[in-house]
Amino acid sequence: MAAIAVVGLLYSLFTADGEWQEARAKSEADGPIVANIVSSLLHPTRFYRGFSKPSE
């Protein structure tokens, strides 16, 4: 499954959650707090090697 499809599916499941819907309704009692949502999927560059752990 393509990454964008996975993100869409997971977001749909998240927004369908009753607890989240209740919290959203309470937080938006005086009006919406978010105008729009933008999602960006970033892909690592060819030269990316990950992050090293900080020394302790």
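For the sequence shown, our numbering gives the first residue as 1419, with consecutive numbering after it.
We put the CB at the ideal spot given by N, CA and C, even for glycine.
Under the three-state DSSP convention, the category residue i falls into
i: I1422; result: helix
i: E1437; result: helix
i: S1430; result: helix
i: A1447; result: coil
Own chain residues within Cβ distance below 8 Å of residue i, not counting five before or after
i: I1451; result: S1445
Proximal residues to residue i (C-beta, below 7 Å), its chain only, five neighbours per side dropped
i: W1438; result: F1432
Residue i to residue j span [Cα, whole Å]
i: G1436; j: R1442; result: 10 Å
i: F1469; j: H1461; result: 15 Å
i: Y1429; j: A1453; result: 17 Å
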